[in-house]
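**Q** The sequence shown: position 127 = 129 (this note's numbering), numbered continuously. Below is the structure I would like to discuss, written out as C-alpha cells.
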Amino acid sequence: MKNPTLLAFVAAIVITLMLPIPQALKSSIVFVFLGLYIYLKRGYLYVVAASTRFNKGDEKNLARAWSWYEKGWRAGLAPHYAHMLGNLFVQRGDARVALEIFDRLIEQGESGRKGYASLIKGVRISRSMALWVTGKTEEAISELQEVKASGHLDTNLAVNLGSYLIASDRLDEMESLLQDLETMSPQSSGMKDNRGYYLYRRGDLLQADALYRSLLSEETPKFPEAYFHAGQVRLALGKCAQACVLFEQALEHPFYHTSTVSEEEVRSFLDEAQKTKETLGVEDEDDEAQIHSAIFDDDLFDDEGPNTELDEEDEDAEVNIELDDADYADENDAEVDDDNEDASSIERVLYDESDDEDDHTRQP
C-alpha cells in the first residue's frame, strides 16, 4: 500500500459522511480530518512552496527557499525524499544541513525502522559528499571505503572515491580502485574522466589524451571536470589554443559545491593558456572550427592498414623502381592540426533539471 495514511483519512471521511448525524456535524468532522491530514503532510507543502521560490532564482527567494526546505525536512518526509532533499542541500545549499539529514536517516536505518534500512548504503555515499564539501576529506574517503568493503560498489561510489583519492594524491590507492573497476560495465563518463585524470597525474600524457579524445567525441559529459582535465592534458602537450577551447567549455557547465574543481581554478588555467598562446604567437590555431575538429574528430588510431593484395592485372604489370613526383605526394595523407505519499510532485520539484551521474549530476 503506497500511501496508507491518505487511505486511512479517506476511509475516515467516508465513514463520517455515512453516519446518521446532522450535516453540520459531519462537515465539522470532515474539516477536522482534512486539517489534521494537512498538518501531518506539511513537510511536503513546505517543499512545494520552497521549490516555487527556488525556481525564481534571485537571492531573496533562494534564501527563503532553503529555509522552507529545511522546515519541510524537519516537519517530516518519506525517507526516499528526505535523501533527495539532502542531496540538494549538499550540492547547492548547506552541507551541514545535509549531514544532519543523512545522519538521521542512517540512525533510523540502523535501528531497523521500515523504509530506512535499504537506503543506508546510498545515504552513506551521499554523506561522503557532505564530508568532502565541509573539508573532511579523510572522513569522506573512509566512509566510501567502508561501504566498498561491505561489498557494495556502484557508479556513484566509484566516481566519488576516485575523485577524492586523486585530489588527495593517493594515486596508488587510485590504481587499485581502477583495477577493481575493470569488470564494471558500463563505464560512466565520470569513471572515464577519473581514469584520464589519473593517467595525467601519472605523467602518461599521450594515453590520457587518447582517452579524453575518445570520451569527448563519443559522449557529452555534463560536468566541468571532464573538459577541464582534458584541457590540462592538451596544455601539457603544448596545444594552447585547444586547451583554451576546452577550458571555455568547462565554464559552460554548472559548478556545484560537490565539484572537485572551482570556476576560479578553470579561469586561472584559461588565462595561463591564453597568455602562453599569445607568447608563442601561433596564428593558425585561431580557427575555432579547426581546433574543435582537432580535439573531437581526429581518428587517432586508424585500423585500416595499407592494401597489400595484388589484383590479377597487377601480377602481370612490370615493376617500376624509379621514383617520380607522384611517389612523394599522397592525396590521402591526413593534415595534422596543432591543433545530471505526493511522490511525483515532490520528485519533480526536487529534481527539475536533467543532469548526469553520474552520476556526476556528477557526484561530484
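The beta-carbon is built from N, C-alpha and C at its ideal position, and this holds for glycine as well.
Just mark L369 as buried or exposed, buried being the case when its beta carbon has 16 or more other beta carbons within 10 Å.
**A** Past the edges of the chain, shown from 3 to 366, lies residue 369, and the structure says nothing about it.
**Q** Taking Q276 as the reference, give the member of H255, S261, F257, R236 with the closest Cα.
**A** When only C-alpha atoms are compared, the closest one is R236.
**Q** P81 by DSSP, collapsed to three states: which one?
**A** P81: helix per DSSP, three-state reduction.
**Q** Within the same chain, show all residues whose beta-carbon is closer than 6 Å to that of A336, passing over the 5 residues directly before and after it, in chain order.
**A** In this predicted model, A336 has a pLDDT of only 44, less than 50, meaning its place in the structure is not dependable enough to derive any value.
**Q** Is the beta carbon of F225 sitting closer than 8 Å to the one on F249?
**A** For F225 and F249, no; Cβs fall outside 8 Å.
**Q** Note down the Cα distance separating V92 from W70, rounded to an integer number of angstroms.
**A** The alpha-carbon atoms of V92 and W70 are separated by roughly 16 Å.
**Q** Measuring alpha carbon to alpha carbon, tell me which of V16, Y46, L47 ends up nearest F33.
**A** F33 has its Cα closest to that of V16, out of V16, Y46, L47.
**Q** What are the start and end residues of each continuous alpha helix (DSSP H) run of 4 or more residues lying completely inside the segment 60-146, in chain order?
**A** Runs found: 61-77, 81-94, 97-112, 122-135.
**Q** Here's a check: name, in chain order, each residue in its chain whose Cβ is nearer than 6 Å to the Cβ of G117, leaving out the five neighbours to either side.
**A** Result list for G117: P81, in chain order.
**Q** Using 8 Å as the threshold, is the C-beta distance between E159 and I122 below it?
**A** The identity of residue 159 in the sequence shown is Leu, whereas the question assumes Glu. Cβ atoms of L159 and I122: not closer than 8 Å.
**Q** Would you report the Cα separation of Y39 and L21, rounded to the nearest angstrom?
**A** Between Y39 and L21, the C-alpha separation is close to 21 Å.
**Q** Which term fits Y41, buried or exposed, when burial requires 16 or more other beta carbons within 10 angstroms of its beta carbon?
**A** Exposed.
**Q** Thinking C-beta only, is D195 closer than 8 Å to L217?
**A** Contact: yes.
**Q** Considering only C-alpha positions, which residue in the set Y199, D156, S152, P188 is nearest to R172?
**A** Per the Cα distances, Y199.
**Q** Tell me which residues share the same chain as R203 and place their Cβ nearer than 7 Å to its Cβ, disregarding the 5 neighbours each side in the sequence.
**A** Cβ within range, chain order: I168, L173.
**Q** Using a Cβ-Cβ cut-off of 8 Å (strictly less than) and excluding sequence neighbours within five positions of L154, which residues of its own chain qualify?
**A** As written in the sequence, residue 154 is His, which differs from the Leu given in the question. Cβ neighbours of H154 beyond the five flanking positions: K123.
**Q** Within this structure, are the beta carbons of S270 and E227 separated by less than 8 Å?
**A** No, they are not a contact pair.
**Q** Is the distance from the Cβ of S178 to the Cβ of T157 below 8 Å?
**A** Against a cut-off of 8 Å, the Cβ pair of T157 and S178 comes out as no contact.
**Q** Quick one: give me the first and last residue of the alpha helix (DSSP H) that F225 is part of.
**A** Per DSSP, F225 belongs to no alpha helix (DSSP H) and is neither H nor E.
**Q** Compute the distance between the beta-carbons of L101 and V125, then report whether it is under 8 Å.
**A** For L101 and V125, no; Cβs fall outside 8 Å.
**Q** The alpha helix (DSSP H) spanning V268 covers which residue range?
**A** Residues 265-282.
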